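Heads up, the thing below is written out as structure tokens.
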């Protein structure tokens, strides 16, 4: 009898410890997930992988921060809005000046900042977005500061000429081109409005995606025929392009 | 610091002078020398440890903020998670690297070499040398432990010291599941250290947390019961050549060492007598026991010395 009850005790104790570990683990993983999703908007150093991979690989050593010659980068302290201990920068305070030798990437011991990034112009830390309601140029003044300070000159930000009515001068408005903008934030730093009218944000927060089934007839080099299959669907030939489906289902 | 530890044992004062130890010699209590030189000798390892801890912090801080360099190479760039010594020797926290590895991300060779170097160093010195000689939290938990002895605070409850191994396993499992290095994201050690070097945030709350927990709730609560990093290095400490040697014939079982030890279970006299040394990896090699031992039974030494002593004592026994 005694043996049986001690076995029972042992079993109960084991279950209890497992339950305790599991509860602790659940709370812990909840905290981790909360933290990891804390700041999808954080502007990371050049070469940073996509947020989830970056969070996993960054060892939080701050060597990128220390090797940054402009004191652009900082490590998020506990309680910050950015995931704890990870490097980021606030372009309006100090932007990235796009060093040609990219010392921050060289300093990274884990490869959280991708060492295959050799040309700083290829980096994408973020994407500059213009608030055209508050941009001086878009309001009709001559400003164009962002265009002039942009390190990827006349590629990332171009000036478009908007003719206006007689007796008013033409408008010269800045436009950002995502395939050239590195998100360095020099424009945001230089913007003379009270709150920057051009800001660097994570591209996925603002960028849409057309989808391959939309075909710009005047741009696509292949002739437009019914046989056209978008690139992504070449492998699964039977399924029609998803974007078209709902039009044929009688919902509309 | 160590004399008042006797208050942990209410019978300490009543010990009879005539009581004999297992070796037939009278049991003597540890007496703190009245002269400063004697006191300094008793405190020597605490002084050395603080020097190492503070100078490690200073090296990181000085390199980061005052541009300390030797031959134009920054001395110690980074922090305790990962750093570069003299511009080319990589160092990395092997436990952090292991967690990142478990998130299924490819690691660069630099950080793997760094972790290897650190593993080698602690593999020789004893894994938990990290805990008592380098870790900045040690100063916090030592202060809490000292205050606790002064204020005669008792534990709220008893927790097994094996809990840290559960935390260790959990942090590895959670790293694999959540895809981020689980302990690195909550570690008060990294938080404290990072913020000392890179600017203060809310990390000090973690330090206050450890302090209060250690002071009022559980003796050596964080370092001795929960910390998975200590548990990790403890596993390494089992094989380390540098050990506390135990010269059993001189030991009177006065237990002064057990009273000051932050990991009292490692001072298992029976095991120590057999092996001539402290075998447990949980020993932090802090050296407290060495300085309070009235019989000079304990000393730092290498595992091979203990083995040699063991052989010679076996021989002398067989010769009888």
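Chains as they are written, first to last, in the working numbering: chain A, 25 to 276; chain B, 10 to 329. Beta carbons are placed, not taken as given, at the ideal position from N, Cα and C, and that holds for glycine. Source: prediction; values computed, not measured.
### Query
residue 82 (chain B) versus chain A: which residues are under 7 Å apart at the beta carbon?
Under the 7 Å cutoff, chain A gives no residues; its nearest Cβ is about 13 Å from residue 82 (chain B).
### Message
Looking at residue 84 (chain A): is its Cβ nearer than 8 Å to the Cβ of residue 99 (chain A)?
### Response
yes
### Query
Would a C-beta distance cut-off of 8 Å place residue 216 (chain A) and residue 144 (chain A) closer than the cut-off?
no
### Task
Pull up the distance between the alpha-carbon of residue 275 (chain B) and that of residue 284 (chain B), whole angstroms please.
13 Å
### Ordered list of alpha helix (DSSP H) runs contained in the region 129 to 171 of chain A, each at least 4 residues
160 to 163
### Message
Let me confirm a value: residue 330 (chain B) is counted as buried when at least 16 other C-beta atoms fall within 10 Å, else exposed. Which label applies?
### Response
Residue 330 (chain B) is absent from the model: chain B starts at 10 and stops at 329.
### Query
What is the rounded straight-line gap between the Cα of residue 161 (chain A) and the Cα of residue 195 (chain A)?
7 Å
### Query
DSSP state of residue 283 (chain B), grouped into three classes?
helix
### Query
So residue 87 (chain A) and residue 93 (chain B) are in contact, right, with Cβ under 8 Å, and what is the actual spacing, rounded?
6 Å
### Query
Whose Cβ in chain B lies nearer than 7 Å to the Cβ of residue 104 (chain A)?
210
### Task
Give a yes or no on whether 8 Å exceeds the smallest Cβ distance from residue 202 (chain B) to chain A.
no
### Message
Can you look up residue 271 (chain B) in the DSSP assignment and give me helix, strand or coil?
### Response
coil
### Message
So within the region 70 to 109 of chain B, which uninterrupted beta strand (DSSP E) runs reach at least 3 residues, ignoring any that extend past its ends?
### Response
85 to 88, 91 to 94 and 98 to 101
### Query
Is residue 41 (chain B) helix, strand or coil when you go by DSSP?
coil
### Query
In chain order, what residues of the same chain have a beta carbon less than 8 Å from the beta carbon of residue 153 (chain A), not counting five sequence neighbours either side?
200, 222, 223, 224, 225 and 230
### Query
residue 94 (chain A) by DSSP, collapsed to three states: which one?
coil
### Task
Please determine if the region 204 to 219 of chain B and the region 105 to 114 of chain B are in contact, where contact requires at least 3 C-beta pairs separated by less than 8 Å.
no
### Message
Please classify residue 209 (chain B) as buried or exposed, where buried requires at least 16 neighbouring CB atoms within 10 angstroms.
### Response
exposed
#### Entry: Span separating the alpha-carbon of residue 68 (chain B) from that of residue 62 (chain B)
10 Å
### Proximity of residue 244 (chain B) and residue 290 (chain B) at Cβ, strictly below 8 Å
yes
### Query
Can you check whether the CB of residue 215 (chain B) is closer than 8 Å to the CB of residue 200 (chain B)?
yes
### Query
Is there a Cβ from chain A that is less than 8 Å from the Cβ of residue 351 (chain B)?
The displayed coordinates of chain B run from 10 to 329. Any statement about residue 351 (chain B) would go beyond what the structure contains.
#### Entry: Contact residues within the region 45 to 57 of chain A, judged by C-beta distance below 8 Å to chain B
45, 48, 49, 52, 53, 55, 56 and 57
### Query
When the cut-off is 8 Å and only beta carbons count, does residue 25 (chain A) lie next to chain B?
With a pLDDT of 49 at residue 25 (chain A), under the threshold of 50, the predicted position of this residue should be treated as unreliable, though the coordinate-derived value follows. So no, residue 25 (chain A) is outside the interface.
### Query
Measuring CA to CA, which of A:243, A:208 and A:234 is closest to residue 118 (chain A)?
A:208
#### Entry: From B:148, B:152 and B:287, residue whose alpha carbon lies closest to that of residue 59 (chain B)
B:148
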